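Data first, discussion second: the structure below is written as structure tokens.
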Amino acid sequence: MRALRSEDPETLGGYRLLARLGAGGMGTVYLARTADGALVAVKMIRAEHAADPAFRARFRREVRLATGLTARWVVPVTAADTEAREPWLATAFVPGPSLAEAVDGHGPLPAHTVVALGARLARALAEVHAAGMVHRDVKPGNILLTRDGPRLIDFGIAQGTGTTALTAPDAIIGTPGYLSPEQARAHESESGPPSDVFSLGCVLAYAATGRRPFGTGEAAAILYRTVHEEPDLTGLDRFLPPPVHAAVTGCLAKPPGHRPTAAELGEALEVMSSQTGRALGGTERAATRGDTPPHGPGDWLPPEVLRLVADRSARALNPPPRPSAPIAPGPSRPESVQRLPRRRVLAIGVAAVAASGTGAAVLLSRRDTTATAGSPRKVPTHTIGFHADLTGPQKSTGTAQERGVRLAVAIHNARADASFRLTLSTYDDRGETARAKDAARSLLARPAVRAVIGPTTAAAARAAGPLYAAARTPFVLVSVDADDAGLSTAALRRTLCTTRASGSERALPVIVYLTHVRSTRRTAVIEDRAAGETAWNISHYIAEAPPSEGTATIHPVAADTDDFRPAVTEALATDPQAIVHAGTSPSRAAACASALAAAGFTGPRMGFEPVMRPDFLTEAGDAAEGWMFEAPYTEPQSAGTKAATAFTTAYLKRYGRAPDRWAAEAYDAVGLIARTLGALGGGAEIEPGQVAERLFRTAHDGVAKPIRFTENPSHHLKQENASFLYQARGGQFLFLGRYDQVR
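Pasting the structure below:
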């Protein structure tokens, strides 16, 4: 919500204007008050658009259709002037957050909330369809949450079911990710009421899991998956009772005729809503998600979302005063930068009714306020970009990091004392170099982005890194080894922040363990030359700084052989107390382990994280038992610290599973950025370049490890406490702890 400008009228259509709620290319949305004191949202269309006869025809038709809607869960149009030079319409004002804000900021909703949400929205759509309309853009941003229920907004692209569309015949109408297959194919004649039901199924899956069922990324890719692939409903069965799960999946049937009608869905979900408490009672699902059935009007929403509703209500009662003179833009913030980016706004009232972009939800920047005991205080919002492979070869790593990042954002925003809010803007590069560059350009085009977490693959980091560096925007690598990826260059060092242990230092934990725990004075290194420079670096690191200041010998294995027996025989001839395998192949490490076992060596045997794969355990068999490995990631569910336990509990509650590998490290990356923003004062004027400069001088005690950086220009992560040890035991890799704490 922003103050009125000098060029804004005092009144519009008899309404006294109070503040600007949003503005875009099509017009401006105002908060206004009626003669009897009621708050309304008024959308005024720009004259240049209204001069187009086709545009005005759409506006007239859809105002007429929307004015006839009286459903409880639909926000009505209360007045309009379709013939004015700058046409306008007024709607009831709804001071509630959008479903998108609630889920992005606070995580998936409890099952009873999802069921109630679905039942009420289905009823709303049933009445819309009965009135001869199709909404065609049912999505989280067009659903507002209030204390007594949801409100469906923005009929700007709605169409009468028996009318001819006033849009191009090949136009795709709606929002990718929530479109039906028939909409995605631009088959407008087939886009009837079943399309809205499909979109509602997508919305409910998103509300229950926090993920879009057809993924993220470029619109074309999302549309392709919508038409040709099944939705990703991973975890939905853990979060929803079987009947509700079945109802949601039924909405997502590809053939329109196989989906329930909105009326049928509403009736079914209303029955389930009354049973949801019993269905969840006493189950593990209820325990992990905190589900309890609603008991009062506001209990359909979880407490953190109810607080958002209160925040919005408080803000509406205290609009910013109109300045007495025009506000000049600051010298370093031109008008093009000051405009609110899409990800930093949320639908708070209801939108104007206008087709093909003429209608928009009433938008309110999340940065404005949170409620306090007295008058509302202004709280800025900062956006963190998340750049990852979410659907490509490394999607498991990307998804784990996304979960950690979303959890961190939600926990930060739930803090009553937070001096600023965080939002997340995600881009899926699918592990492709070209898309990685597109991801960087997309995130950098959003003025609200203060820093980026990712990319999650080395190739993507090499492609996108120079773009982030050129824009002086910090990017935090959680799982990518900057040294191994060739990213530790002077051109990137001002913005590249790596929070994982460097591969060039991976031998350090092995040396420390063998020195302080095993008192090893004679070490033999089996150097697997199939690992190239990585193996050479490990071998020579240990040779130059042997454990206990003793001796270390190197015994190479050629890349073109998988027979480790000669090297093992040679190594054992030196009477070593410990063996280190310097390599990256699980299968070749298994061959080394088998050769050592056959030779009868039972002393400490150590390796490195790339070997920690099921293939090593399977191929080595009993010979794998007791092997130890250095790894750059923690296992918080086994760490035993207070912070790790709290993180594990929150992760389990939100996602219904133990923390995934790299999730805690991604969670800590958000914490580091948030701490940096706090050190800069948290204000709305913070620029990415300031974050980049301050980031490396910020210390953060994370869930996984303490994060500190060297004071030299390289800004390397301090390695002393940044790695962990695991041991192969009983057919699995058991977490032992941070390497400096293992005894």
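Residue 1174, in this note's numbering, is where the sequence shown stops; the numbers in between run on with no holes.
Glycine included, every Cβ here is placed at the ideal spot set by N, Cα and C.
Predicted model, so just to flag it, every value in this text is computed and none were measured.
Nearest residue (CA-CA) to residue i, options the options
{"i": "R996", "options": "L1027, T984, A966", "result": "L1027"}
{"i": "S705", "options": "P750, A542, L556", "result": "A542"}
{"i": "R746", "options": "T864, P528, R582", "result": "P528"}
{"i": "T522", "options": "A478, L1108, A472", "result": "A472"}
{"i": "E613", "options": "L683, E975, V883, A510", "result": "L683"}
{"i": "A557", "options": "G1034, L631, R893", "result": "L631"}
{"i": "A451", "options": "L700, T501, R753, W731", "result": "In the sequence under discussion, the amino acid at residue 451 is Arg, which differs from the Ala named in the question. Among L700, T501, R753, W731, the Cα nearest to that of R451 belongs to R753."}
{"i": "P686", "options": "V628, P644, L732", "result": "V628"}
{"i": "T465", "options": "P607, A974, L449", "result": "L449"}
{"i": "A555", "options": "T513, T665, T692, D668", "result": "T692"}
{"i": "P607", "options": "L575, A1097, D579, L654", "result": "L654"}
{"i": "G648", "options": "T984, Y972, R861", "result": "R861"}
{"i": "V1042", "options": "Y1064, T1033, R1019, R492", "result": "R1019"}
{"i": "A650", "options": "Y609, P662, A678, V675", "result": "Y609"}
{"i": "D1171", "options": "V494, V736, F1155, P811", "result": "F1155"}
{"i": "F1039", "options": "H1131, V1101, I942, A1030", "result": "I942"}
{"i": "G917", "options": "L908, A889, Y899", "result": "A889"}
{"i": "I1138", "options": "F1166, V948, I1104, L1108", "result": "I1104"}
{"i": "T857", "options": "H1131, T1049, G816", "result": "G816"}
{"i": "T984", "options": "A955, E1151, L853", "result": "A955"}
{"i": "F1205", "options": "T887, D915, D1132, D914", "result": "Any question about residue 1205 goes unanswered here, given that the chain covers just 432 to 1174."}
{"i": "T1049", "options": "D1091, T1015, A1024", "result": "A1024"}
{"i": "L664", "options": "G681, G1168, T640, R656", "result": "T640"}
C-beta contact flag for residue i and residue j at 8 Å
{"i": "Y1157", "j": "M1037", "result": "no"}
{"i": "I969", "j": "A938", "result": "yes"}
{"i": "V508", "j": "T577", "result": "no"}
{"i": "L635", "j": "G549", "result": "yes"}
{"i": "A1081", "j": "I842", "result": "yes"}
{"i": "S933", "j": "L1126", "result": "no"}
{"i": "A553", "j": "G697", "result": "yes"}
{"i": "A1089", "j": "L1083", "result": "yes"}
{"i": "H676", "j": "R924", "result": "no"}
{"i": "R1160", "j": "E1061", "result": "no"}
{"i": "P672", "j": "F645", "result": "no"}
{"i": "P440", "j": "I476", "result": "no"}
{"i": "R582", "j": "W504", "result": "yes"}
{"i": "G1014", "j": "A961", "result": "yes"}
{"i": "E1001", "j": "H1012", "result": "no"}
{"i": "V840", "j": "V1101", "result": "yes"}
For residue i, the first and last residue of its enclosing beta strand (DSSP E)
{"i": "L1180", "result": "No answer is possible for residue 1180: the residues shown for the chain start at 432 and end at 1174."}
{"i": "S1018", "result": "Careful: S1018 lies outside any beta strand (DSSP E), inside the alpha helix (DSSP H) at 1017-1029."}
{"i": "G1038", "result": "1036-1039"}
{"i": "F629", "result": "Careful: F629 lies outside any beta strand (DSSP E), inside the alpha helix (DSSP H) at 624-640."}
Residue i, enclosing alpha helix (DSSP H) - first and last residue
{"i": "Y446", "result": "Premise fails: Y446 lies in the beta strand (DSSP E), 446-454, not in any alpha helix (DSSP H)."}
{"i": "P612", "result": "612-615"}
{"i": "W519", "result": "Run containing W519: none in the alpha helix (DSSP H); it sits in the beta strand (DSSP E), 519-523."}
{"i": "R852", "result": "Not the alpha helix (DSSP H): R852 falls in the beta strand (DSSP E), residues 852-859."}
{"i": "N968", "result": "964-975"}
{"i": "P674", "result": "673-682"}
{"i": "A871", "result": "864-875"}
{"i": "F1032", "result": "Where F1032 is concerned, there is no enclosing alpha helix (DSSP H), given that its DSSP letter is neither H nor E."}
{"i": "E735", "result": "734-747"}
{"i": "F670", "result": "667-670"}
{"i": "P940", "result": "938-947"}
Beta-ladder partner(s) of residue i, from DSSP
{"i": "G458", "result": "I476"}
{"i": "A882", "result": "I815"}
{"i": "E422", "result": "Absent from the structure is residue 422, since the part of the chain shown begins at 432 and ends at 1174."}
{"i": "T1000", "result": "Paired residues: none, contrary to the question."}
{"i": "A693", "result": "Per DSSP, none; premise fails for A693."}
{"i": "F906", "result": "V883, L927"}
{"i": "A511", "result": "L520"}
{"i": "R953", "result": "T982"}
{"i": "V505", "result": "L583"}
{"i": "T442", "result": "R447"}
{"i": "R433", "result": "R451"}
Whole alpha helix (DSSP H) runs in the region 1046-1077 with 4 or more residues, listed along the chain? You should have 1067-1070.
What are the uninterrupted segments assigned as alpha helix (DSSP H) that are 4 or more residues long and contained completely in the region 527-586, given in chain order? Under the rule that a run must span 4 or more residues, the alpha helix (DSSP H) segments found entirely inside the region 527-586 read 530-537, 542-561.
Can you list the beta strand (DSSP E) stretches of 3 or more residues lying completely in the region 1105-1170, in chain order? Qualifying beta strand (DSSP E) stretches, in chain order: 1155-1160, 1163-1169.
Inside the region 464-489 only - alpha helix (DSSP H) runs reaching at least 4 residues: Fully enclosed alpha helix (DSSP H) runs of 4 or longer: 478-481.
Go through the region 824-849 residue by residue and report every complete run of the beta strand (DSSP E) that reaches 3 residues or more, in order. Runs found: none.
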